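One line per chain: the protein sequences are A and B, in this order. Take 20 as the starting number for the first sequence in this note's numbering and just add one per residue. Take 20 as the starting number for the second sequence in this note's numbering and just add one per residue. Note that CB positions come from ideal geometry on N, CA and C, so glycine has one too. All values reported here derive from a predicted model rather than from experimental measurement. Okay, so here's the structure we're looking at.
There are 2 protein chains.
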Amino acid sequence: MQVTVRGRRRHYRTVTFDAKANVVELIEQRLLPHEFTFFRAENFRETALAIRDMIVRGAPAIAATAAYGMAQGAQAFRGRDSKKFARHINLVFEALKNARPTAVDPVNAMLQVRAAMKSGETVEEQQAIALAAAEHFANEDVEHCAAIGRHGAKLIKNGTRVLTHCNAGWLATVDIGTATAPIYEAQKRGRKFHVFCDETRPRCQGASLTAWELAQQGVSHQVIADNAAGHLMQRGEIDLVIVGSDRTLGRTGEVANKIGTYTKAVLAKRHGIPFYVAIPLSTIDWNLKRGFDIPIEERADHEVLGAWGVVDNPSTKNSKAKVGKRAYVRIANSTSTARNPGFDVTPAELVTGIITPVGIFKPDELWKRRMELIGM
Amino acid sequence: MQVTVRGRRRHYRTVTFDAKANVVELIEQRLLPHEFTFFRAENFRETALAIRDMIVRGAPAIAATAAYGMAQGAQAFRGRDSKKFARHINLVFEALKNARPTAVDPVNAMLQVRAAMKSGETVEEQQAIALAAAEHFANEDVEHCAAIGRHGAKLIKNGTRVLTHCNAGWLATVDIGTATAPIYEAQKRGRKFHVFCDETRPRCQGASLTAWELAQQGVSHQVIADNAAGHLMQRGEIDLVIVGSDRTLGRTGEVANKIGTYTKAVLAKRHGIPFYVAIPLSTIDWNLKRGFDIPIEERADHEVLGAWGVVDNPSTKNSKAKVGKRAYVRIANSTSTARNPGFDVTPAELVTGIITPVGIFKPDELWKRRMELIGM
């Protein structure tokens with residue numbers, strides 16, 4: 020998507036590969052929205068670290084990063100010994116896999132690259148195939164997001180007030196995003212609408228990443244506390260909810276997504292507001308039989324007990340720290356602990372539709388159409 | 020309630036009056052939970068400033084502060100001229116009233132003090148009556164909270180997991196609190212239970228004030244993001260919700276309280292979890308006919324776009340600001356704005372019961388019992 024840097028608009032993907040320099044280039048997401056910079060991973064180990072340290076986050080984005088990491092690792096190999104090369108590729112695979120051990124998308128992406136490499140005979144051929152496969156993976160991700168945008172855009176009309184949760188935006192994918200894709204497509208079609216971004220505590224990806232994305236694209240938006248959506252719905256100020264998903268169960272239509280998604284779905288149901296989930300097909304889990312069995316990661320206490328930002332000085336109180344410095348502030352009582360579930364599961368009955376690259380489906384349609392959807 | 024200061028347990032009220040020195044003494048709430056200190060308002064103008072600057076907050080607490088401010092203002096008058104004294108008292112009244120112009124409780128408290136003063140003939144008599152009336156008002160608040168605790172304590176059994184929202188605690192009253200009163204009473208009765216404190220964005224009174232209070236009283240508790248309660252309810256980890264209220268409509272049983280309360284009520288209803296509201300009788304509005312007409316204050320953007328705390332250094336990222344300094348950090352994208360409604364209204368159908376100093380009532384019982392309740 021477009022970003023304004025020193026007054027000039029330029030197009031940036033979240034993840035790109037500089038094949039000549041053999042460098043994976045990533046938007047440094049830990050510094051957003053306060054600084055827009057890039058991280059250049061010079062070798063596959065640095066690429067793995069970038070995934071581990073969340074310089075890049077979002078399942079599709081880390082999947083593409085891992086795919087490029089494979090190509091990068093392959094390219095770096097010197098020599099013609101196929102056996103040594105195969106051992107080296109295993110090493111690269113493991114390093115990238117271990118960067119986020121619970122994520123499935125990077126592993127699937129790397130398996131695709133590795134499967135493609137099998138058709139090459141020489142080391143050189145395999146290296147070239149790895150690069151092409153990684154590029155193909157990234158481009159396909161962009162195409163899928165664009166298709167989600169085309170299908171979802173019809174939900175956003177002139178005057179529609181959309182609620183989003185967390186960041187399923189272009190920063191979570193290679194480009195365009197999933198939940199944001201219909202928004203950007205509607206914007207492209209010239210529609211005038213408004214987006215409320217849940218700030219999405221505890222990590223605040225809505226306030227930081229989604230709000231930044233929307234601002235860069237000139238989409239009318241406001242940040243709200245997660246507590247405010249219920250009130251806005253009650254007052255008739257929200258017409259549509261679109262969220263992303265980390266895992267959607269193909270058998271039941273249940274949707275696992277960032278903590279707080281379930282709450283918004285319950286509220287939307289009560290107020291008769293359509294609740295849509297935008298997903299790439301890769302996030303559909305065709306095996307698991309019930310949402311209750313999706314493991315819910317319990318994250319660190321400090322995420323809930325404080326917040327990250329940049330020291331600023333609103334008029335109301337005197338800030339004693341130096342303005343402009345990045346800082347974590349503890350908000351909570353220092354002797355208190357936290358519960359911090361990272362995700363929740365929304366039952367299918369609360370989901371109006373699932374926006375995929377091949378169309379919008381009712382949650383219970385996924386299983387009926389599985390042959391078609393798995394084949395994609 | 021008890022606070023440990025330098026290893027010693029002592030009892031502190033939120034608001035007290037040092038009649039000898041003619042000083043209103045307040046727990047300095049803007050520094051909590053990071054520092055426990057007192058603000059000594061040396062004259063009625065300083066007391067008004069303390070209310071305005073939110074050194075003291077919570078309707079019952081600022082009501083008692085205003086009552087003491089009246090006594091303080093009266094005591095400061097030198098001379099025997101009743102007319103001059105009456106003019107001075109009007110000045111005191113206006114100064115304290117204008118400190119938080121939209122709050123009704125301080126005005127009602129001061130009207131009580133002024134009404135009592137009418138029975139005095141000399142200036143000296145009126146000064147003495149003002150002091151006695153203010154003390155009476157504060158002590159009555161404590162008694163009412165204690166009564167809420169006795170009625171509400173039966174809801175909390177061994178093993179009960181309670182959810183609270185915001186701070187309707189001892190810091191919001193003279194002592195004991197409203198929503199916290201049943202918790203402290205159950206604790207006193209030796210019951211073992213657990214409290215989840217919603218952090219309550221954007222001002223985080225749950226994470227800071229309620230968590231601090233519960234920690235000081237040794238009540239088992241954890242802070243959660245406002246987003247997490249739905250998930251915990253879904254997994255059967257919450258048995259009871261108790262919140263406070265800024266205004267409860269006597270005619271309809273609708274409850275206005277801190278933003279996010281409505282969301283918790285909707286979730287509780289879905290999961291069949293009892294949802295109680297603890298209130299002093301002074302917060303019942305017998306006039307307003309529908310909750311929709313309760314004015315909802317839109318507060319400053321910066322509350323949502325950032326957070327207040329003390330710079331700390333969790334292991335995950337490097338904080339560049341100096342550890343230990345109080346700071347406001349901007350979390351959100353700097354070019355984004357916010358919507359920040361401060362309160363929401365929960366309909367009566369979602370409220371299991373209203374815990375008052377005279378018993379627990381269904382929301383629709385309030386109006387039927389109005390003669391009895393107004394008479395209190």
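- Contact check for A:V377 against A:A351 fails: the beta carbons are separated by 9 Å or more.
- Burial of B:S264 is indicated by the presence of at least 16 other C-beta atoms within 10 angstroms of its C-beta.
- Shown here for A:A198: same chain residues with a beta carbon closer than 6 Å to its own, the five before and five after excluded, namely T183, A187, I261, V262, G263 and A297 in chain order.
- Bounds of the beta strand (DSSP E) holding A:G378 are G378 to F380.
- Under the criterion of beta carbons closer than 8 Å, B:I175 and B:A205 qualify as touching, at roughly 4 Å.
- Near chain A, meaning a CB-to-CB distance below 8 Å, no residue of the region 156–190 of chain B qualifies.
- Among the CB atoms of chain B, none fall inside 9 Å of the CB of A:Q21.
- Contact of A:I74 with chain B by beta-carbon distance below 8 Å is absent, the smallest such distance being about 11 Å.
- Just measuring C-alpha positions, the residue of B:R222, B:K277 and B:K288 sitting nearest B:A78 is B:K277.
- In this structure, A:V274 sits away from A:G237, with a CB-CB distance that is not shorter than 9 Å.
- For A:H290, the secondary structure class from DSSP, reduced to helix, strand or coil, is coil.
- For the region 229–251 of chain B, residues whose beta-carbon sits nearer than 8 Å to a beta-carbon of chain A comprise A230, W231, L233, A234, H240, Q241, V242, I243, A244, D245, N246, A247, A248, G249, H250 and L251.
- In terms of Cβ geometry, B:R133 and B:I70 do not form a close pair [threshold 9 Å].
- Contact with chain A is found for B:I278, since one of that chain's Cβ atoms lies less than 9 Å from the residue's Cβ.
- For B:D312, no beta strand (DSSP E) segment is defined, and its DSSP state is neither H nor E.
- DSSP places A:T56 in the coil class of the three-state scheme, outside both helix and strand.
- Using a C-beta cut-off of 8 Å, the region 112–129 of chain B makes contact with the region 79–89 of chain B, since at least three inter-stretch Cβ pairs fall below that distance.
- The beta carbon of B:L286 sits closer than 7 Å to those of A248, G249 and M252, all from its chain and outside the five residues before and after it, given in chain order.
- Annotation for A:T84: the continuous alpha helix (DSSP H) segment containing it runs A78 to A95.
- By the C-beta density criterion, A:G209 is exposed, having fewer than 16 other C-beta atoms within 10 angstroms.
- Look at B:E218: its C-beta is under 9 Å from a C-beta on chain A.
- With respect to the C-alpha of B:R270, the residue from B:P333, B:L45 and B:K387 having the closest C-alpha is B:K387.
- Counting only runs of 4+ residues, the alpha helix (DSSP H) found wholly inside the region 93–129 of chain B occupies 101–116, in chain order.
- The residues Y347, in chain order, have a CB closer than 7 Å to that of B:W327 in the same chain once the five nearest residues on each side in sequence are set aside.
- Within 9 Å of the CB of B:Q224, no CB atom of chain A is found; the nearest one sits about 10 Å away.
- The Cβ of B:H321 sits closer than 9 Å to at least one Cβ of chain A.
- Neighbourhood of B:T356 in chain A, by CB distance below 7 Å: Q241, in chain order.
- Close partners of B:R349 in chain A (Cβ separation under 7 Å): G328, V329 and D331.
- Here B:P314 is exposed: its Cβ has fewer than 16 other Cβ atoms, across all protein chains shown, within 10 Å.
- Distances from the alpha-carbon of A:N246 to those of A:S239, A:F215 and A:L228 put A:F215 closest.
- Linking A:H213 to A:G255 through their CA atoms gives a straight-line distance of about 14 Å.
- Assignment of A:K283 by DSSP, reduced to helix, strand and coil, places it in the helix class.
- According to the DSSP assignment, B:T66 belongs to the alpha helix (DSSP H) that extends over F63 to R71.
- Excluding five sequence positions before and after A:H107, the CB atoms of its chain that fall closer than 6 Å to its own CB belong to F96, given in chain order.
- With fewer than 16 other CB atoms across the displayed protein chains lying within 10 angstroms of its CB, B:A40 is exposed.
- Straight-line measurement puts the Cα of B:N117 at about 20 Å from the Cα of B:Q48.
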